[in-house]
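Read the structure below first, then the notes.
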Amino acid sequence: MSRFVVGYALAPKKQQSFIQDSLVNLAKERGIDLVRIDTDKPLIDQGSFDVVLHKLGGEEWTKQLEKYSRKNPNVLIIDPPEAIERLHNRISMLQAVSELDIPQKNETFGVPKQIVIYDSEALLDPASLEGLKFPVIAKPLVADGSAKSHKMSLLFKRDGLDSLKPPIVLQEFVNHGGVIFKVYVVGDYVKCVKRKSLPDITEEKLRSLEGSLSFSQVSNLTTEERNDDNYCETLHLDDTEMPPESIITDIARGLRQEIRLQLFNFDVIRDSRFGNHYLVIDINYFPGYAKMPSYETVLTDFFCKLRHQKQKQSGGLDKEETPAANPLLGCQKEERKTSCNDGDDGPSSSSSTIEEKNIIQVKGPSTP
Ligand SMILES: Nc1ncnc2c1ncn2[C@@H]1O[C@H](COP(=O)(O)OP(=O)(O)OP(=O)(O)O)[C@@H](O)[C@H]1O
Ligand SMILES: O=P(O)(O)O[C@H]1[C@H](OP(=O)(O)O)[C@@H](OP(=O)(O)O)[C@@H](O)[C@@H](O)[C@@H]1OP(=O)(O)O
Ligand SMILES: [Mg+2]
Ligand SMILES: [Mg+2]
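Heads up: the sequence shown at position 157 corresponds to 157 in full-length UniProt numbering, and the numbers run straight through without jumps.
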């Protein structure tokens with residue numbers, strides 16, 4: 001049986017964290033070859049891929065993908081650049097959450113109140129901040145993965161405003177017990193883990209605080225820091241209850257359809273004032289999957305599902321013949337996996353097949 005080739009085009013840091021031997025070897029055992037795309041050469045001149053995985057961005061790269069896709073309409077581009085683009089702006093990113101039409105019963109969800117400031121003039125105009133309650137977090141409007149786009153300031157009062165550099169989003173800070181829930185999505189697989197966040201700010205503390213506090217990627221601790229007993233103790237990470245699985249799964253599935261992406265994660269906080277109200281504060285394309293438990297298995301299963309999908313599309317696989325039934329395909333039984341815990345166990349399982357409509361290709365004249 002022919003090998004299934006997954007080409008990847010990633011920035012060096014991403015390549016280093018994501019393309020680990022453990023992933024490459026597991027994929028290889030199951031008939032999948034992970035092949036680096038040389039970004040110094042035109043994509044069109046490089047080998048034939050079944051899938052192109054990418055996180056590069058930029059107009060030039062998008063053009064290359066479109067050209068490649070026109071010439072090779074059966075190649076799956078994971079994910080379409082225009083869909084990824086929506087996550088590069090913190091307003092359009094969270095608008096996706098507001099678009100979700102999910103029945104809310106015991107638990108509710110939304111996004112924090114926020115405004116966008118495009119220039120310094122608007123920043124100094126008290127009217128533009130009307131209705132916004134301090135403390136607020138100032139976030140760069142652009143979330144393109146640059147170091148700059150992760151630089152945030154926590155503002156306790158209006159005083160700190162003049163030092164900010166628009167375009168920015170001012171988002172109300174919501175007390176949430178110092179723990180965020182990071183929800184990783186890989187196709188139809190969903191995994192929720194706990195991470196360190198900013199501590200709560202009491203009314204009393206707020207009265208004594210002045211100015212602002214700068215920070216960057218507070219939830220991105222090293223493994224050592226995360227495993228540090230003292231750190232877990234102070235944060236009560238272990239004591240923090242996970243959100244009900246249903247609300248996380250509903251948001252994840254809804255978002256996946258709304259933003260038409262297969263590889264992303266989103267950050268959720270639980271509003272301490274209510275205890276059953278959840279707020280989505282951030283969505284990231286192709287996040288640090290290596291930090292997700294059993295990432296090798298989850299990603300390899302995902303590639304297997306893509307292969308199954310392609311085989312079905314090209315008529316190469318009998319409708320009744322699932323990868324589980326055919327050991328030659330080397331894949332494990334297809335599963336819809338959702339798990340929501342503090343991150344130590346492997347993938348959980350209950351059966352369901354991949355939704356074909358969620359495999360999206362870059363649009364081109366010859367794309368079916
Ligand atoms: N509205 C909010 N209320 C309380 N805390 C918040 C809020 N927004 C952000 N935070 C805290 O600030 C951190 C950084 O914010 P955010 O996730 O928006 O930034 P980011 O740089 O895009 O993060 P990532 O590294 O996940 O891409 C969050 O992980 C959380 O700890
Ligand atoms: O890998 P990259 O450099 O892309 O960094 C991503 C980072 O993964 P890493 O921890 O492996 O660095 C992610 O962490 P987790 O949410 O998974 O914790 C998250 O911070 C993304 O926002 C980052 O993407 P960016 O927004 O900067 O493009
Ligand atoms: Mg975040
Ligand atoms: Mg982010």
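Here a beta-carbon is modelled for each residue, glycine too, at the ideal position from N, C-alpha and C.
For residue i: DSSP bridge partner residues
i	result
Ala9	His54
Asn284	Asn265
Met152	Phe215
Phe181	Lys194 and Val268
Glu172	Val136
Arg86	Bridge partners of Arg86: none, in fact.
Val35	Gly7
Leu76	Val51
Tyr189	Val186
Delimiting residues of the alpha helix (DSSP H) encompassing residue i
i	result
Arg207	Glu203 to Ser208
Phe302	Tyr295 to Gln313
Arg158	No alpha helix (DSSP H) contains Arg158, which DSSP labels as neither H nor E.
Asp40	No alpha helix (DSSP H) holds Asp40; DSSP gives it neither H nor E.
Gly254	Glu245 to Ile259
Leu65	Glu59 to Lys71
First through last residue of the beta strand (DSSP E) which encompasses residue i
i	result
Arg273	Counting along the chain, Arg273 falls outside any beta strand (DSSP E), and DSSP gives it neither H nor E.
Leu23	Looking at the DSSP string, Leu23 is not in any beta strand (DSSP E); the run it does join, the alpha helix (DSSP H), is Asp21 to Glu29.
Residue i and residue j closer than 8 Å at C-beta
i	j	result
Val51	Ile78	yes
Lys55	Tyr285	yes
Ile259	Ala96	yes
Gly211	Phe173	no
Leu237	Val218	no
Lys113	Leu132	yes
Ala147	Met93	no
Glu22	Glu296	Note on identity: in this sequence residue 22 is Ser, with Glu being the wrong assignment. Yes.
Lys28	Ile44	no
Asn89	Leu170	no
Pro287	Phe264	yes
Ile84	Val116	no
Arg256	Val193	no
Gly177	Ser272	yes
Leu100	Ile283	no
residue 369	Thr240	Because the chain is modelled from 1 through 368, residue 369 falls outside the range shown and cannot be assessed.
Pro73	Ser120	no
Pro81	Leu65	yes
Tyr189	Val298	yes
Gln262	Gly160	no
Leu164	Leu123	yes
Pro244	Phe181	no
Below-8 Å beta-carbon distance, residue i vs any chain B residue
i	result
His308	Although the question refers to chain B, the structure presented lacks it and comprises just one protein chain.
I want to know whether the segment 263 to 271 touches the segment 144 to 155 - three or more CB-CB distances under 8 Å. Judged by Cβ distances under 8 Å, the segment 263 to 271 makes no contact with the segment 144 to 155, as fewer than three pairs qualify.
Between the segment 251 to 261 and the segment 59 to 69, do three or more beta carbon pairs fall short of 8 Å? Touching, no.
When you compare the segment 89 to 108 with the segment 276 to 283, are there three or more beta-carbon pairs, one atom per stretch, that lie closer than 8 Å? The answer is yes - the segment 276 to 283 touches the segment 89 to 108, with three or more Cβ pairs under 8 Å.
At 4 residues or longer, what runs of the alpha helix (DSSP H) sit wholly inside the segment 89 to 136? Taking 4 residues as the minimum length, the alpha helix (DSSP H) runs contained wholly in the segment 89 to 136 are 90 to 98 and 120 to 124, in order along the chain.
Determine contact between the segment 302 to 315 and the segment 120 to 137, defined as no fewer than three beta-carbon pairs at a distance below 8 Å. No, because fewer than three Cβ pairs between the segment 302 to 315 and the segment 120 to 137 fall closer than 8 Å, the two stretches do not touch.
Does the segment 33 to 51 come close enough to the segment 5 to 23 that 3 or more CB-CB pairs lie under 8 Å? Contact holds: three or more Cβ-Cβ distances are below 8 Å.
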